[in-house]
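Student: So in the numbering used here, spot 16 of the sequence shown is number 904, and the numbers just go up one at a time. C-beta atoms are modelled at their ideal positions from N, C-alpha and C, and glycine is treated no differently. Everything numeric in this text was worked out from a predicted model, so none of it was measured.
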Amino acid sequence: MQNYIEVDNTQIWTEKWGKGVPVILISGGPGCCNYMEPVAEIIGDTSEVIMFDPRGCGRSLFDGEGYDLETALKDLETIRTEYGVDKWVVIGHSWGADLGLAYALRHSGSILGFISMCGTGIQNDRDWKESYKRNKAQIGELLPEFAYEPNKIVHRSLIDSWRAFIKQPSLLRDISELDLPTLFVFAEKDIRPSWPIEQLSFLMKNSRYIELEGAEHYIWQTKQDELAEVLREFIKRINYTKVKPMIK
């Protein structure tokens, strides 16, 4: 089922697959269209999966301007309420995982659980960037086929807003106080360093860190079965238990 949702005089394209535990999938970039269909396919038989093109990207309307993190968070909440979802599992990939973490901080009451896949963490670190750029040039990575070109204006505005967001004095304390079932999934062969995500996992009391051997950044392209197993197990725990603490 495809649906356009009206938010602040713009339209956001959304699509829903399957039935079961409500799940929202957040693509990365920022500024990319939805590319999470392969993830929806491996969990759609047990979950009500909602995907979307972020404001200004793909099939969603673009007014020629960028926007900030607060707007992106508001759009997520609007999608949730428009679909009549009380609480959902939030699954974000790459920068979408970072947005998912910000959403968890701002709207923890709307979340059953949070899965971060290959996020970049709470950092703007020079060594991290240099390592990423070097690995990108020397190793490269397998990319999916994007249905639409990334929106560079949206990308720049959200990156700038994110870098302002992570400078909040209370941010690390607030993250440490999140009592939310959380799974950090990283790819062994991701060209991005993993340490910021490992730090977050140690910081959060109810979280677990898993590194999938042989996987690259877009995990489903190289280790689909392994990814399906960890995602489905997490969602099953949310569905059939009353949120048991994750075991490190």
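What whole-angstrom Cβ distance do P1038 and V973 have, given they're in contact under 8 Å?
Tutor: Walking along the sequence shown from the start, residue 1038 turns up at place 150. Walking along the sequence shown from the start, residue 973 turns up at place 85. Actually they are not in contact, since the Cβ atoms of P1038 and V973 sit about 28 Å apart, beyond 8 Å.
Student: For R943 and F1053, I'd like the C-alpha separation in whole angstroms.
Tutor: The residue given as residue 943 occupies position 55 in the sequence shown. The residue given as residue 1053 occupies position 165 in the sequence shown. Near 19 Å, if we compare the C-alpha coordinates of F1053 and R943.
Student: So, with DSSP's three-state summary, where would you put A1025?
Tutor: Position 137 of the sequence shown, counted from the start, is the residue given in the question as residue 1025. Three-state DSSP puts A1025 in a helix.
Student: For F1122, I'd like the list of residues in its chain whose CB is within less than 7 Å of its CB, leaving aside the five on either flank, ordered along the chain.
Tutor: If you number the sequence shown from 1, residue 1122 lands on position 234. Answer for F1122: G1001, I1003 and L1071, listed in chain order.
Student: L987 to L961, Cα distance in whole Å?
Tutor: Working through the sequence shown from its first residue, we reach residue 987 at position 99. Working through the sequence shown from its first residue, we reach residue 961 at position 73. Approximately 8 Å, taken between the alpha carbons.
Student: Among the residues of its own chain, which have a CB less than 7 Å from the CB of K1111, if the five just before and after it don't count?
Tutor: Position 223 of the sequence shown holds residue 1111. These residues qualify, in order along the chain: L1100, G1102 and A1103.
Student: Leaving out five residues on either side along the sequence, give the residues of the same chain with a beta carbon under 7 Å from the beta carbon of L1059.
Tutor: Looking up residue 1059 in the sequence shown gives position 171. Only I1010 meet the Cβ criterion.
Student: According to DSSP, is A1103 part of a helix, a strand, or is it coil?
Tutor: For this step, residue 1103 is matched to residue 215 along the sequence shown. Correct three-state label for A1103: coil.
Student: Using three-state DSSP, classify T934 as helix, strand or coil.
Tutor: The count along the sequence shown starts at 1 and reaches residue 934 at position 46. Reduced to three states, the DSSP call for T934 is coil.
Student: Have a look at the DSSP bridge pairing and note the partners of S1004.
Tutor: Stepping through the sequence shown from its first residue, residue 1004 is reached at position 116. Per DSSP, G980 and F1072.
Student: Does Y991 pass the burial test, meaning 16 or more other C-beta atoms within 10 Å, or should it be called exposed?
Tutor: For the purposes of this step, residue 991 is identified with residue 103 of the sequence shown, where counting begins at 1. That one is buried.
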